[in-house]
Amino acid sequence: AQSVTQLGSHVSVSEGALVLLRCNYSSSVPPYLFWYVQYPNQGLQLLLKYTSAATLVKGINGFEAEFKKSETSFHLTKPSAHMRDAAEYFCAVRRTNAGKSTFGDGTTLTVKP
Amino acid sequence: DGGITQSPKYLFRKEGQNVTLSCEQNLNHDAMYWYRQDPGQGLRLIYYSQIVNDFQKGDIAEGYSVSREKKESFPLTVTSAQKNPTAFYLCASSIEGEGRTTGELFFGEGSRLTVL
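Residue numbers (my numbering), protein chains in the order written: chain R, 10 to 122; chain Y, 253 to 368.
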């Protein structure tokens, strides 16, 4: 079984401030982990993924995430928020040998000027 | 450009009618998926298919049906048995297979279904 918990359905930051979106997972086998971003009325696009290589993963648009096995976490960060980062963010997990991804409920990021 | 095309983008349906959502991909991906998205509930898996002529139920398959007659196409039918069909529907695909699995999903732009 696998599951994802995203802490905080809404996060608000000021432009230029640190962005931290939290994700905890459970998986019975080593997982693949992903962060996706969704803009209004659009599909999701991949921000970054962890596939058992480096534990610190860098993605697009200046985002990065760190896989911490001991904490079963995969939090998403960005040092300095920009207005264009306002969107909904989804954390997802899947087993390395199975085709189904399980998604968290999403976190809506608001960036204040 | 390669990608996933969903149509229609917006669809209105009267209660009791079946409706079919189209999903076509030219990425040569093996696996295809249908997700339903409701506000505050993330994405829930309806059906998925890893090879042609085979598909499996996801977490919320009741009231839906699919077919996978071609690698490129994975249409979803929302039947009248689906009690609350108004939602945003997302189709996705992924590369699968020995030594080729990347795990990431490639999504279409979505279809918004509203039942009147």
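No residue lacks a Cβ here, since even glycine has one placed at the ideal position from N, Cα and C. The model shown is predicted, which means the values in this text are computed figures rather than measured ones.
Going by Cα to Cα distance, which pick from the options is closest to residue i?
i	options	result
R:L55	R:N70, R:T105, R:F76, R:E75	R:N70
Y:F326	Y:G254, Y:Q269, Y:C343	Y:C343
Y:L258	Y:D306, Y:Q269, Y:Y287, Y:R265	Correcting the residue type first, residue 258 of chain Y is Gln in the shown sequence and not Leu. Residue Y:Y287 is the option with its Cα nearest to Y:Q258.
Y:V330	Y:Q269, Y:G255, Y:G254	Y:Q269
R:S82	R:Q51, R:L42, R:S89	R:L42
R:N50	R:A96, R:V120, R:R104, R:F112	R:A96
Y:V367	Y:A333, Y:S345, Y:S301	Y:A333
R:T64	R:L85, R:Y48, R:Q47	R:L85
R:V120	R:S36, R:A62, R:R93, R:S18	R:R93
R:L53	Y:V318, Y:I256, Y:P337	Y:I256
Y:G315	Y:D306, Y:L328, Y:V304	Y:L328
Under 8 Å by Cβ, that's how I've got residue i and residue j pegged, so tell me the actual separation to the nearest angstrom.
i	j	result
R:P39	R:V102	Their Cβ separation, rounded to whole angstroms, is 11 Å, which puts R:P39 and R:V102 out of contact at 8 Å.
Inter-stretch contact at 8 Å, needing at least 3 Cβ pairs: the segment 275 to 282 of chain Y / the segment 347 to 365 of chain Y
yes
Contacting positions in the segment 281 to 307 of chain Y - beta carbon closer than 7 Å to chain R:
If you check each beta-carbon in the segment 281 to 307 of chain Y against every beta-carbon of chain R, the ones closer than 7 Å belong to A283, G292, Q293, G294, L295, L297, Y300, Q302.
Using Cβ-Cβ distances below 8 Å, what residues of the segment 264 to 276 of chain Y are close to chain R?
none
Determine contact between the segment 261 to 277 of chain Y and the segment 73 to 83 of chain R, defined as no fewer than three beta-carbon pairs at a distance below 8 Å.
no
Taking any Cβ of chain Y, which residues in the segment 43 to 74 of chain R have a Cβ under 9 Å from it, in chain order?
F43, Y45, Q47, N50, Q51, G52, L53, Q54, L55, K58, T60
Of all the residues that make up the segment 334 to 363 of chain Y, which are near chain R by a beta-carbon distance shorter than 9 Å?
F340, L342, C343, A344, S346, E348, T353, T354, G355, E356, L357, F358, F359, G360, E361, G362
Touch test, the segment 315 to 323 of chain Y against the segment 30 to 39 of chain R, Cβ-Cβ under 8 Å, three pairs minimum:
no
As an exercise, report each continuous beta strand (DSSP E) stretch of at least 3 residues that is fully enclosed by the segment 74 to 105 of chain R, in chain order.
82 to 87, 96 to 104
Counting only runs that start and end within the segment 282 to 352 of chain Y, where is the beta strand (DSSP E) found for 3 or more residues in a row?
283 to 289, 295 to 303, 306 to 309, 316 to 318, 328 to 330, 339 to 346
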